[in-house]
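In our numbering, the protein residues as written are 8 to 544.
Just so it is clear, CB atoms sit at the ideal spot from N, CA and C, and this is done for glycine as well.
Take a look at the structure below.
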């Protein structure tokens with residue numbers, strides 16, 4: 008071993024052993040630290056120390072080069088351990104005084120060669136090694152193992168101090184416990200002890216030495232005494248949940264969960280009762296707040312349902328009242344055009360044609376509003392089930408075939424997975440497909456083609472319904488606008504082809520079921536609307 012700052016050894020005629028030989032020959036465990044406070048790097052250790060601590064010099068578990076107090080910390084399971092603090096204080100004394108410091112007997116938990124825990128008592132001496140400038144460069148930690156000859160001189164004071172320390176620790180933990188604790192003695196239930204939290208619960212009144220009847224004479228104490236008597240007699244614990252208390256008089260109530268636990272001696276006889284109270288006010292308030300929020304949400308839902316129904320009734324009434332004069336306009340326009348009231352000039356026929364077109368447009372607006380009112384109930388339903396997608400699409404096909412034949416359109420229905428099921432509402436899905444097919448028929452010129460295809464969606468766990476046409480197409484800038492209310496598929500807001508509510512309604516229905524509707528389109532080529540819904544299973 009080479010020691011930094013060591014002066015050359017004087018010349019002797021007899022060979023002198025090197026310092027490493029001296030170090031290993033020491034008859035006691037020894038370890039050397041660098042004086043690099045607070046690290047105290049381990050720089051040397053003899054074989055006796057390695058054997059005593061079941062350690063090794065090198066490797067992943069090796070001691071050399073490691074910080075002292077990270078290598079040998081106090082045991083986590085012993086909150087009263089002071090060995091590390093004592094050693095650190097001794098090392099500081101050595102650093103300041105540049106002289107040796109003898110420590111009191113220290114108790115250590117060590118592992119023997121078999122890995123079993125063993126208790127050892129060491130009497131350490133820390134000695135400085137000075138450099139050429141007289142500063143502490145290293146500290147030699149030499150220990151004497153006094154376990155085998157430890158007598159009352161060492162054991163009695165140490166055990167006494169540990170017992171006193173543990174009692175003090177228990178008292179501290181009892182006083183500082185975050186739950187209220189009280190101990191009652193005897194069948195009269197006399198307070199033997201209580202901690203600060205219980206004192207606060209009781210309104211900071213004096214308790215120790217008083218019976219429960221005496222301590223709480225100003226409240227309905229007989230109920231409490233009867234409960235304590237039952238615990239004393241049956242020897243069974245009793246739990247009271249969310250008991251409200253006002254310890255300081257008027258003010259918000261504090262809620263506690265009480266546990267009354269019988270205490271027994273070695274013979275099983277009840278000697279007292281431990282009362283433990285845990286403040287659960289926050290939990291009670293959170294639950295009550297959640298219940299209020301749920302009740303308010305339910306009231307809001309019912310109000311919304313009532314409002315929706317009222318709106319539907321009003322819209323239905325208005326639509327009916329508007330249809331009557333509109334039908335009259337249509338009838339009289341036809342009579343005038345037929346010459347029932349006399350000859351009609353070409354200019355007058357043109358005017359009657361314009362009146363008829365305006366009447367038809369206004370009628371389509373009224374019909375769309377009425378359909379929207381009727382859909383309010385469907386929009387509000389939430390019954391979700393496993394829906395056979397192909398069956399729904401096939402059922403809708405028959406509803407639009409007359410319009411397709413009238414315009415000379417061809418139609419194709421394809422299902423790549425006939426047994427495909429979606430998690431959806433069947434009525435809503437049918438309405439979505441019907442709206443998309445109606446738009447496809449409406450905006451596809453005569454002789455065009457419309458198709459419906461069902462398959463698994465691009466995203467995992469989804470199904471898709473594609474409605475494609477060879478219609479007029481949609482400009483890229485209008486692909487999202489077509490889903491807005493009162494906007495036409497072709498991009499015009501003031502078209503004679505309805506009022507543009509179908510796509511807006513359809514997307515709302517799809518999203519309400521956890522899905523969506525997207526569109527791809529090319530002007531003059533056609534459009535493909537894709538309904539995506541969660542797959543069943």
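For residue 453, same chain residues with a beta-carbon under 7 Å away, outside a window of 5 residues either side, are 414 and 415 in chain order. Between residue 250 and residue 263, the gap from beta carbon to beta carbon is short of 8 Å. Rounded to the nearest whole angstrom, the C-alpha separation of residue 104 and residue 142 is 10 Å. Taking C-beta separations shorter than 6 Å and ignoring five residues to either side along the sequence, the partners of residue 473 in its chain run 460, 535 and 537, following chain order. Taken through DSSP and simplified to helix, strand or coil, residue 227 comes out as coil.
Exposure of residue 224 is indicated by the presence of fewer than 16 other C-beta atoms within 10 angstroms of its C-beta.
Just so you know, the alpha carbons of residue 332 and residue 421 end up roughly 45 Å apart. In the displayed model, residue 196 falls within coil according to three-state DSSP, outside both helix and strand.
DSSP assignment within the stretch 264-298 yields the following whole beta strand (DSSP E) runs of 3 residues or more, N-terminal first: 277-286.
By the criterion of a C-beta distance shorter than 7 Å, residue 69 is surrounded in its chain by 63, once the five residues flanking it on both sides are discounted. Under DSSP, residue 535 forms a beta bridge with 475 and 527.
Taking C-alpha positions only, residue 271 is separated from residue 392 by approximately 59 Å.
Here residue 491 has 511 as same chain residues with Cβ atoms under 7 Å from its own Cβ, once five neighbours each way along the sequence are excluded. Taking the Cα positions, residue 350 is about 41 Å away from residue 479. If you check the CB distance, residue 58 and residue 50 do not come in under 8 Å.
Residue 451 sits buried, since 16 or more C-beta atoms from the chains shown fall within 10 Å of its C-beta. In the same chain as residue 411, and ignoring 5 residues on each side of it, the C-beta atoms closer than 7 Å to its own belong to 418, 448 and 457, in chain order. DSSP lists no beta-bridge partner residue for residue 59. Contact between the stretch 304-315 and the stretch 206-223 is absent, with fewer than three C-beta pairs closer than 8 Å. Selection 357, 291 and 235 evaluated against residue 198 yields 235 as nearest (Cα-Cα). Here DSSP, grouped into helix, strand and coil, assigns residue 243 to coil. The distance from the Cβ of residue 516 to that of residue 438 is about 6 Å, consistent with a contact at the 8 Å cut-off.
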